[in-house]
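Protein chains in written order, with the numbering used here: chain E, 30 to 153; chain C, 23 to 268.
Take a look at the structure below.
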Amino acid sequence: MSATKKILIVDDSNTILLMVQMILRREGYELVTARDGADGLEKVRTHQPDLVLMDVMMPVMNGFEALQAIRADSTIAATPVIMVTTRAESENVESGYLSGCSDYVTKPINGAELLAKVRNLIID
Amino acid sequence: MKKTASDPVALSQRVVDDNRNLIERLSSDLDSARSELLVEQDRARRLQHQTEAAEAAASAARRERDELLSGLDRFRRDGEKKTAQITTIESQNTHLANLYVACYRLLGTLDRAEVIDAIKDVVINIVGSEDFAIIEARPGETPWTVIGEFGGRVGVGTDIHAESEPVIQSLASGQPFVAPHGDGLVVACVPFRLDGRVTGAIIIFGLLQQKARIEATDLEMLDLLSSHAANALHFTSLHQKSLHEA
Chain E
30 MSATKKILIV DDSNTILLMV QMILRREGYE LVTARDGADG LEKVRTHQPD LVLMDVMMPV
90 MNGFEALQAI RADSTIAATP VIMVTTRAES ENVESGYLSG CSDYVTKPIN GAELLAKVRN
150 LIID
Chain C
23 MKKTASDPVA LSQRVVDDNR NLIERLSSDL DSARSELLVE QDRARRLQHQ TEAAEAAASA
83 ARRERDELLS GLDRFRRDGE KKTAQITTIE SQNTHLANLY VACYRLLGTL DRAEVIDAIK
143 DVVINIVGSE DFAIIEARPG ETPWTVIGEF GGRVGVGTDI HAESEPVIQS LASGQPFVAP
203 HGDGLVVACV PFRLDGRVTG AIIIFGLLQQ KARIEATDLE MLDLLSSHAA NALHFTSLHQ
263 KSLHEA
């Protein structure tokens, strides 16, 4: 049996944190949360998650900046990151991919879509 | 007298001998041909049996293949049906989770600012709008006061009058209004209902670009907001009042 996979959720919205935790906890994932990009970056380093769900608009350090910092650190650079954005404009999505995101979901979050993308990136 | 080639008797005898030899040879050839014919007939019968057996086997294989293809098709259809069921269940779970989260956020605090933030957070992240205003009735006064907003369309603290006919009707009746095609100035108006009174409302001017319209699940969420947001805001007032009195 494979070890429990760990997911870090980085979002400043309590609603999103609660909602995503409810969706992912049912699947048996171990969850860690962070409230901004800097906190998220720190927790990627300390918790070494199997996947990160990263909001874009956050205080202190936004999601793109945190993602770039993750990709620049060789010890955590390979961590899959799904960006969570409120906008689906092509430039926003393009910025995410340029920063090195593995995939993205748009708000309001569709649980089935999120689960499919998480399963796709977390390999047992 | 010496017999010569022209001796008719000898000639006749030779003809008889030749004929006999010929008949014997022909008879022998005929026997051989009969034997070969029997062998060939036997081989033809065997081939016929083998052909029939092969055709029967091919027919059985075709039937088996058809059954397997049919089974595979059934299996594929079952798989698709189950995938669709799982997707539906996951969507329902998400919806229930959203309703739970909205309730939890709205009723999880007695701090007025936090309740307003919770309403905004729910509208942004669950309903899917970044262009809306939250208004509240001021007892004894006709205008509505903006107590929260997103998108910069109206300032917090501003007094406003409802001008859109559907919004006026919605605020008067307490029934949510949702624009049929998501067009117009107002996409939705969700009155806050408390003891049959309308105490406030969320007025949604626009949805996120990727969200085409208000869905059935959104209506349930808006209905929940309609009652729970009113309660949550009322509780904060009672709490403030009790603190003041204490």
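Backbone N, C-alpha and C define an ideal beta-carbon position, used for all residues, glycine too.
Between which two residues does the alpha helix (DSSP H) harbouring residue i extend?
i: PRO30 of chain C; result: 30–128
i: VAL189 of chain C; result: 187–195
i: ALA145 of chain E; result: 140–150
i: ASP240 of chain C; result: 238–267
i: MET48 of chain E; result: 43–54
i: LYS35 of chain E; result: Here LYS35 of chain E belongs to no alpha helix (DSSP H); instead the beta strand (DSSP E) covers 35–39.
i: GLU94 of chain E; result: 92–101
i: THR75 of chain E; result: 66–76
Considering only the alpha carbon of each residue, which of the options lies closest to residue i?
i: THR62 of chain E; options: E:ILE52, E:ARG74 and E:ASP40; result: E:ASP40
i: LEU128 of chain C; options: C:PRO188, C:THR116 and C:LYS142; result: C:LYS142
i: GLU237 of chain C; options: C:SER113, C:PRO165, C:THR180 and C:LEU207; result: C:SER113
i: ASN115 of chain C; options: C:THR239, C:SER50 and C:LEU246; result: C:THR239
i: LEU3 of chain C; options: C:VAL189, C:SER50 and C:ALA140; result: Since the first and last residues shown for chain C are 23 and 268, residue 3 of chain C lies out of range.
i: PRO109 of chain E; options: E:ASP68, E:LYS146 and E:GLN50; result: E:LYS146
i: GLY140 of chain E; options: E:GLU94, E:TYR126 and E:ILE52; result: E:ILE52
i: ILE177 of chain C; options: C:ARG96, C:LEU90 and C:VAL168; result: Here residue 177 of chain C turns out to be Gly, not Ile, going by the sequence shown. The shortest C-alpha separation from GLY177 of chain C is found at C:VAL168.
i: HIS117 of chain C; options: C:GLU267, C:LEU244, C:THR73 and C:VAL208; result: C:LEU244
i: ASN43 of chain E; options: C:VAL137, C:THR221, C:GLY101 and C:LYS263; result: C:VAL137
i: ILE148 of chain C; options: C:ALA252, C:TYR122 and C:TRP166; result: C:TYR122
i: THR180 of chain C; options: C:LEU229, C:HIS203, C:SER186 and C:ILE156; result: C:ILE156
i: GLN77 of chain E; options: E:VAL85, E:ILE38 and E:ASP132; result: E:ILE38
i: GLY173 of chain C; options: C:GLY196, C:ILE182, C:SER195 and C:LEU229; result: C:LEU229
i: SER195 of chain C; options: C:SER81, C:ARG219 and C:LEU207; result: C:ARG219
i: VAL189 of chain C; options: C:VAL212, C:ARG175 and C:HIS203; result: C:VAL212
i: LEU60 of chain E; options: E:LYS35, E:MET83, E:GLN97 and E:ARG148; result: E:LYS35
i: GLY92 of chain E; options: E:GLU56, E:ASP68 and E:ILE105; result: E:ASP68
Which stretch, first to last residue, makes up the beta strand (DSSP E) that contains residue i?
i: ARG219 of chain C; result: 219–228
i: ARG175 of chain C; result: It is not in any beta strand (DSSP E) - ARG175 of chain C carries neither H nor E in the DSSP assignment.
i: GLU59 of chain E; result: 59–63
i: THR104 of chain E; result: Element bounds for THR104 of chain E: n/a, residue is neither H nor E.
i: ARG160 of chain C; result: Element bounds for ARG160 of chain C: n/a, residue is neither H nor E.
i: ARG134 of chain C; result: From DSSP, ARG134 of chain C is part of no beta strand (DSSP E) but of the alpha helix (DSSP H) over 134–144.
i: LEU82 of chain E; result: 80–84
i: LEU216 of chain C; result: 210–216
i: ILE111 of chain E; result: 110–114
i: THR135 of chain E; result: 132–135
When burial is assigned at 16 or more other CB atoms within 10 Å of the CB, is residue i buried or exposed?
i: HIS250 of chain C; result: buried
i: GLU152 of chain C; result: buried
i: LYS103 of chain C; result: exposed
i: LEU255 of chain C; result: buried
i: SER128 of chain E; result: buried
i: TYR58 of chain E; result: buried
i: MET30 of chain E; result: Reliability of the predicted coordinates at MET30 of chain E is poor, the pLDDT of 42 falling under 50, and no value is obtained from them.
i: LYS136 of chain E; result: buried
i: LYS233 of chain C; result: buried
i: THR33 of chain E; result: exposed
i: ARG215 of chain C; result: buried
i: PHE97 of chain C; result: exposed
i: VAL61 of chain C; result: exposed
i: GLY145 of chain C; result: Residue 145 of chain C is actually Val in this sequence, not Gly. Result: buried.
i: ASP79 of chain E; result: buried
i: GLU171 of chain C; result: buried
i: TYR154 of chain E; result: The structure shown has nothing for residue 154 of chain E, since chain E only spans 30 to 153.
i: ASP65 of chain E; result: buried
Name the chain C residues that come within less than 7 Å of residue i, Cβ to Cβ?
i: THR44 of chain E; result: VAL123, ARG127, ASP143, VAL144, ASN147 and ILE148
Sorry if obvious, but does the Cβ on residue i come closer than 7 Å to a heavy atom of the ligand NAP?
i: ARG98 of chain C; result: The ligand NAP is not among the ligands present in this structure, which contains no ligands whatsoever.
What does residue i reach in chain E if we use C-beta pairs closer than 7 Å?
i: GLU112 of chain C; result: GLY140, ALA141 and LEU144
i: THR180 of chain C; result: Result: empty, since nearest Cβ-Cβ is about 25 Å, beyond 7 Å.
i: THR105 of chain C; result: Ordered by position in chain E, no residue passes the 7 Å Cβ test against THR105 of chain C, which lies about 10 Å from the chain.
Using the beta-carbon of each residue, which ones in chain C are nearer than 9 Å to residue i?
i: LEU37 of chain E; result: Simply none; closest approach about 18 Å.
i: LEU47 of chain E; result: ALA119, TYR122, VAL123, TYR126 and ARG127
Taking residue i as the query, report the chain E residues whose CB atoms sit under 8 Å from its CB, ordered along the chain.
i: THR109 of chain C; result: ALA141
What residues from chain E crowd round residue i, counting only those whose CB sits closer than 9 Å?
i: THR131 of chain C; result: The contacting residues do not exist; THR131 of chain C stays about 10 Å from chain E at best.
i: THR73 of chain C; result: Chain E residues near THR73 of chain C: none, gap ~54 Å exceeds 9 Å.
When the cut-off is 8 Å and only beta carbons count, does residue i lie next to chain D?
i: VAL73 of chain E; result: Protein chains E and C are contained in the structure displayed, whereas chain D is not.
_By the 9 Å beta-carbon criterion, what residues does the segment 232–265 of chain C contribute toward chain E?_
From the segment 232–265 of chain C, only GLN232, LYS233 and ASP240 have a Cβ closer than 9 Å to chain E.
_Tell me which residues of the segment 139–168 of chain C have at least one Cβ-Cβ distance to chain E shorter than 8 Å, keeping chain order._
Residues passing the 8 Å Cβ filter: ALA140, ASP143, VAL144, ILE146, ASN147, ILE148, VAL149, GLY150 and GLU152.
*Check distances from the C-beta atoms of the segment 199–230 of chain C to those of chain E and list, in chain order, the residues that come in under 9 Å.*
Going along the segment 199–230 of chain C in chain order, one finds LEU230 with a Cβ nearer than 9 Å to chain E.
*asked:* For the segment 124–139 of chain E, list every residue whose C-beta sits within 8 Å of some C-beta in chain C, in sequence order.
replied: Listed by position, the residues of the segment 124–139 of chain E near chain C (Cβ gap below 8 Å) are THR135, LYS136, PRO137, ILE138 and ASN139.
*If contact means a Cβ-Cβ distance below 7 Å, which residues of the segment 66–98 of chain E contact chain C?*
The segment 66–98 of chain E vs chain C, Cβ under 7 Å: nothing.
*Could you please tell me which residues of the segment 49–64 of chain E, in chain order, have their CB closer than 8 Å to any CB of chain C?*
Within the segment 49–64 of chain E, the qualifying residues are MET51, ILE52 and ARG55.
_Under 8 Å (Cβ pairs) to chain C, residues found in the segment 97–115 of chain E_ = Those would be THR115, in chain order.
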